[in-house]
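Contents: one structure, followed by commentary.
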Amino acid sequence: MISKKVVLRFPEEIAEKPLVSDICKKFNLTFNIMRANIFPRKEGILTLEISGEDDSFYKGIQYLKDNGVSINFVEESINRDESKCYHCGFCVAVCPTEALTITDRKTMRVDLFKDRCIACGYCVKVCPVKAMSLPEEF
Amino acid sequence: MVSFAIKMTRRQKLNVFKVNKTIEEINDKIKRGEAVVVNAEEMIDIVRKEGVVEAAKKVDVVTTGTFGTMCSSGALLNFGHTAPKIKAAKVWLNDVEAYGSLAAVDLYIGASAVKKGDPLNAVHPGRFEYGGGHVIEDLIARKPIKLVAEGYGTDCYPAKHIEMEIFIDDLKEATLLNPRNAYQNYSVAINPTDKTIYTYMGVLKPRFANATYSSAGQLSPLLNDPFYLTIGIGTRIFLGGGVGYVIWHGTQHNPNEERNERGVPKTGAGALAVVGDMKQMNPDFIKGASILGYGVSLSVGIGIPIPILNEEIAFFTSVSDEEIDAYIFDYGHDYPLKIDNNYGLTNYKELKSGFITINGKKVPTAPLSSYRGAMKIAETLKQWILDKKFFLTKPSAPLPQSKDYEPLKYLKKYEKNL
């Protein structure tokens, strides 16, 4: 069993194909929508958590890629520059999933749990010292 | 000033304290490597276990720290005379305007100045990518800075336009000169309105969805010396990784704010004006800050040593987060309109727990001032003292004092409650 958050980018040409529905039917996967956006050039962005058997999960991902969807795994995308971060807490105020949170209430260190991130980008905008980043295509 | 001096002598004559140490004695102990130095967090347990008198005998210095965004900061630079000479009336550093109307080649760059052409809040909330705070950080990080100056031309200063690259080490003077830092305490911010707001207190979500606060609490310098008994004009401090000094009370310094039973103010209150040599500083302890929708600022690391001269100062430095209250204010409606209203009190123990309760509702909290950074500063300062690199100073004049202070008043009140 595997469950991962992915950011899917649909170019205009394929935006009308029911590709996510396909992977559910063909590979027996389930998904939970975390975020969806359509941009002025008809390009779509969808953040999903996809779950299923290991084998079918990767087949489903390959199916999306073969059909022209570009895929990024959220966990591997969010990044914190540890040399810049000084653990102020501005990000904690906006992170909707507690991917950025304080667990040790004595030291008040700001922790980053990449597996909770949904790549919303709020922390990137709010970080006063620009320590947080996501790849350009997000 | 005079009344303060009289009060001090009267205090000494009355010999109200059981422990009486002087700064000179403490400095001698530092020199001999015998001084006991602890940080303000460690002092809490020492006083709880041993009592104020024993703690005052044992501990010589308590180190404090704070590391948060502090507007009202800036740098005073002298870039040296060019050939031909210019009387710079307008100056830009990396396209951020500085104030040049001081002399010929002196300038002051404010932390909150924004870069030329910044879209500001045209598309709200603006990002404010670069400004005065960043110029200060880049200078300290020893990066080259583009300087453009314009003058109107005089017989002695004929040049009208210059462009050059400057490095901190080439400057005659690079002085951090901050009119208001190290606020004694601060407000807790909430937003009861229906839309998200972007403030210097961070992003505040609508309908009480979050609260932010900005103080190091039990580690913060002026919360450990609430009546400014040891911190005054001339006090030597840790500033941005180098050595600095308190030069005046901070702008808006208000010693007469409402205080709790320990004498600790429940909101802003005191503040410090500080100065220090930027060439000694380190970008780990001073950082340009871009605050979404608000503007540019500077995060400043400050640490102040408090000499434990008597048991009353031991008592004050033992203050813990639950003994520091803070008023909650509405930044969505009341604050911008200067309406005097609050949503009650909380304290730093609650704030640091991650939740406070407002009108029966559980509201998540987030800090804006780095406690981890404050601790790193208090520990660095402790090490400097133990290494005999840093000695304590007696203020040459006090900060404006609070009318609420009498020797032992608060310690006695507190002991009654024990």
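Residue numbers (the numbering used here), protein chains in the order written: chain B, 1 to 138; chain Y, 139 to 556.
For every residue, glycine included, the Cβ atom is placed at its ideal position computed from N, Cα and C.
Measure the alpha-carbon distance for residue i versus residue j and round it to whole angstroms.
i	j	result
Val229/Y	Leu215/Y	11 Å
Leu46/B	Ile118/B	11 Å
Asp166/Y	Tyr465/Y	42 Å
Glu16/B	Lys42/B	10 Å
Gly492/Y	Asp468/Y	19 Å
Asp525/Y	Glu461/Y	32 Å
Ala535/Y	Arg374/Y	13 Å
Lys225/Y	Phe305/Y	20 Å
Leu29/B	Val6/B	14 Å
Gly340/Y	Lys499/Y	21 Å
Arg149/Y	Pro545/Y	Only weak support is given to the placement of Arg149/Y: the predicted model assigns it a pLDDT of 49, under 50, and the value that follows is read from those uncertain coordinates. Answer to the nearest angstrom: the Cα atoms are 8 Å apart.
Glu82/B	Gly431/Y	24 Å
Asp104/B	Phe376/Y	26 Å
Arg80/B	Gly470/Y	30 Å
Gln390/Y	Ala407/Y	8 Å
Ala504/Y	Thr220/Y	49 Å
Ile14/B	Asn67/B	8 Å
Gly490/Y	Ala93/B	The question names Gly, yet the displayed sequence has Lys at residue 490/Y. About 13 Å.
Please return the same chain residues whose Cβ sits closer than 6 Å to the Cβ of residue i, not counting the five positions on each side in sequence.
i	result
Leu537/Y	Tyr366, Gly370 and His387
Ile182/Y	Ser456 and Ser458
Ala99/B	Phe113, Arg116 and Cys117
Tyr246/Y	Gly212, Leu214 and Tyr237
Lys195/Y	Val157
Tell me whether residue i is buried or exposed, calling it buried when 16 or more other Cβ atoms sit within 10 Å of its Cβ.
i	result
Glu275/Y	buried
Cys294/Y	exposed
Tyr351/Y	buried
Ser353/Y	buried
Val140/Y	Confidence at Val140/Y is low in this model, with a pLDDT of 49, below 50, so the placement of that residue is unreliable and no value is reported for it.
Gln356/Y	buried
Glu449/Y	buried
Thr292/Y	exposed
Met34/B	buried
Lys547/Y	exposed
Met1/B	exposed
Asn479/Y	exposed
Gly171/Y	exposed
Which partner residues of residue i appear in the DSSP bridge assignment?
i	result
Phe376/Y	Val381/Y and Gly441/Y
Val252/Y	Gly269/Y
Gly234/Y	Before going on, a small fix: residue 234/Y reads as Val here, not Gly. DSSP output for Val234/Y lists Leu231/Y and Lys253/Y as bridge partner(s).
Glu192/Y	DSSP lists no partner for Glu192/Y.
Val7/B	Thr47/B and Asn72/B
Following the continuous beta strand (DSSP E) through residue i, name the residue where it begins and the one where it ends.
i	result
Ile224/Y	Per DSSP, Ile224/Y belongs to no beta strand (DSSP E) and is neither H nor E.
Thr484/Y	Leu483 to Asn485
Phe493/Y	Phe493 to Ile496
Gly414/Y	Leu410 to Asp415
Ile71/B	Ser70 to Phe73
Ser21/B	Where Ser21/B is concerned, there is no enclosing beta strand (DSSP E), although the alpha helix (DSSP H) it sits in stretches over Leu19 to Phe27.
Ile451/Y	Run containing Ile451/Y: none in the beta strand (DSSP E); it sits in the alpha helix (DSSP H), Glu449 to Thr455.
Between which two residues does the alpha helix (DSSP H) containing residue i stretch?
i	result
Asn362/Y	Pro359 to Asn362
Asp55/B	Asp54 to Asp66
Ala516/Y	Tyr509 to Leu524
Lys169/Y	Ile161 to Arg170
By Cβ distance, which residues of its chain are closer than 8 Å to residue i, with the 5 residues on each side in sequence left out?
i	result
Asn319/Y	Met208, Ser210, Ser211, Gly388, Ala409, Leu410, Ala411, Val412, Val438 and Ile440
Gly218/Y	Val243, Asp308, Leu309 and Lys310
Tyr552/Y	Glu399, Arg400 and Phe453
Thr405/Y	Asn323, Tyr324, Ser325, Glu395, Glu396, Ala464 and Tyr465
Which same chain residues, not among the five before or five after residue i, have their C-beta less than 7 Å away from its C-beta?
i	result
Leu64/B	Leu8, Leu19, Ile23 and Ile71
Leu134/B	Ser77, Ile78, Ala119, Gly121 and Val124
Asn541/Y	Just to set this straight, residue 541/Y is Lys in the shown sequence, not Asn. So the qualifying residues of the chain are Asn394.
Pro11/B	Glu43 and Gly68
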